[in-house]
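Report on the following structure.
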């Protein structure tokens, strides 16, 4: 999962060649000398984080890594690892950094490119013979660069249900099922965030190197950079050293209601072994500061040796696809970019006339952001252990302004305003959803008529069966729906309106879905799904499921 992304915001549909994307004409502003000391910048950043924590008092923990000119200016934890407990977070606390892992996967491939074992623009089939996708042309032509650039033509979050929420599938099984995930749009035409293709990129690393993705990251990245605290997989993160996941699980819907701890370990809600290359890493601020320094120094390590070449460093931040384009900042949108693009595992955009290299990350119970400002040789990452997207917005924007010495927007006030507006809309939508169910028409058939095994070409089977639970007044009879590869996605399937039902998953950390059946000759034969909540994370890609009744 990533920080919530707009599904189709300002995408440009120009065809993109393998080497680059069409962009508006931009001239980067000359960076004026910054005479502030490291201590002054650190003090301003520290004060800003504390202000943000005070504005969002139920945020358990935040961690900040700030680097300037190759030095760690500030690595610090704030708050507590576990809500309500005196367990302070510090610079050594591990956070799930989710999709901030993507630029590490790109760096792994850069190492292999430098060694002559991989080429950015070579088809995936060169390294994974027999690789195919639902569009044979795309399967034949897709390259390493494409898998890292979100431009293969898949819809937003396509295929994520293969590994999100925690799934029983292996990497090999996810890779095999990728061949059946529908491709909605033109190849290399538009940007649609796609974790699935990073799984493919990880498979290339494994095939070419002979190492698992996690062993490659550990031995070729972490050990060389000196990142001794970080781990490539969430299951390796010691809960006693980790910022535990927190979030809002209702009522009435997910991302609403009071803040609560949602797991006693990161892996409980974020076991991404099967998709580790897309978001598996857990890192501390102390360690991640070293990684920021490597990225800002174009692959050069502290001892002067190279992790990857300067040429590979440049290639990884060369735009490959346009994310969005606009006329630039407005009073309402002061941080809007003229052009936002995606390179390989990193986003590249303008902000205040300067180039920013960024990425976000999101897992259940934690979101994060990285910002690099190459023209100033400064960068930072901020990690959190809750899902407060507007807090992260305030942190990211405020810290960017501090790093650039251009502080003139109250990002706390701006984010609080947007948060209040969003909550109001969400609560209204939730009430409308419940009201429609209360007034909804009954199904046209007896409930047992909808029971059976329902199959989607890429996900697999979803089983609907009659169920009775409890006794006496607590007795409940109805339909029970179960995603066969996703243990958390099982629960009651309630009538909603006519042939549309809705799930009620007992695990409130998960998102419910509408299920709409299509009848032929008086019998349900196919079904489609859609998320219930207007705030649903895009990785619950229910809308991509097309079910056919098997029994």
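In full-length UniProt numbering, the protein residues as written are 1 to 551.
Where a beta carbon is used, it is the ideal one built from N, C-alpha and C, also for glycine.
As far as DSSP is concerned, residue 188 takes part in no beta bridge. Here residue 370 is actually not in contact with residue 452; their C-beta atoms are around 46 Å apart, not less than 8 Å. Residue 99 is not bridged by DSSP to any residue.
A residue is called buried when at least 16 other Cβ atoms come within 10 angstroms of its Cβ; residue 537 meets this threshold and is buried. It is roughly 19 Å from the alpha-carbon of residue 503 to the alpha-carbon of residue 525. Under a 10 Å Cβ-count criterion, residue 424 is classified as exposed, with fewer than 16 other Cβ atoms of the shown protein chains found around its own Cβ. The C-beta distance from residue 254 to residue 511 rounds to 6 Å, short enough to fall under 8 Å.
Taking residue 516 as the centre and dropping the five residues before and after it, the same chain places the C-beta of 499, 500, 527 and 528 closer than 7 Å to its C-beta, in chain order. Cβ-Cβ distances below 8 Å link residue 290 to 72, 225, 226, 227 and 302 in the same chain, with the five nearest sequence neighbours on each side left out; the list follows chain order. Annotation: residue 110 to residue 117 spans about 10 Å, alpha carbon to alpha carbon. For residue 426, the uninterrupted alpha helix (DSSP H) segment begins and ends at 411-439.
In this structure, 259 is the residue among 107, 38 and 259 with its C-alpha nearest to the C-alpha of residue 84. In the DSSP assignment, residue 342 is bridged to 321 and 347.
Taking 7 Å as the cut-off, the Cβ atoms of residue 368 and residue 97 count as close.
For the stretch 268-299, the full-length alpha helix (DSSP H) segments reaching 4 residues or more read 276-279 and 285-296 along the chain.
In the displayed model, residue 397 falls within a helix according to three-state DSSP.
Taking a 10 Å sphere around the C-beta of residue 432, we find fewer than 16 other C-beta atoms and assign the residue as exposed. Here the alpha carbon of residue 297 sits roughly 21 Å from the alpha carbon of residue 405.
Residue range 196-209 is occupied by the alpha helix (DSSP H) that includes residue 196, with no beta strand (DSSP E) assigned at that position.
In the DSSP annotation of this structure, residue 245 is not part of any beta strand (DSSP E), being labelled neither H nor E. For residue 360, the secondary structure class from DSSP, reduced to helix, strand or coil, is strand. Among the bridge pairs identified by DSSP, residue 519 is matched with 524. By DSSP's assignment, residue 368 forms a beta bridge with 361 and 383. According to DSSP, residue pairing for residue 378 in a beta bridge involves 68 and 373.
Residue 538 carries a coil assignment under DSSP once its states are collapsed to helix, strand and coil. Residue pairing by DSSP leaves residue 51 without any beta bridge partner. The C-alpha of residue 465 lies about 13 Å from the C-alpha of residue 484.
In the assembly as shown, residue 349 is a buried residue. Its beta-carbon has 16 or more other beta-carbons within 10 Å. Counted as a single uninterrupted DSSP element, the alpha helix (DSSP H) harbouring residue 213 occupies residues 213-216. A direct Cα-Cα distance of roughly 17 Å separates residue 69 from residue 43. With fewer than 16 other CB atoms across the displayed protein chains lying within 10 angstroms of its CB, residue 333 is exposed. In the structure shown, residue 490 adopts extended strand secondary structure according to DSSP, grouped into three states. The stretch 144-162 makes contact with the stretch 173-189, as at least three CB pairs between them are under 8 Å. Residue 268 and residue 489 have their C-alpha atoms some 14 Å from each other. Taking C-alpha positions only, residue 514 is separated from residue 194 by approximately 23 Å. The straight-line gap separating the alpha-carbon atoms of residue 119 and residue 360 is approximately 26 Å.
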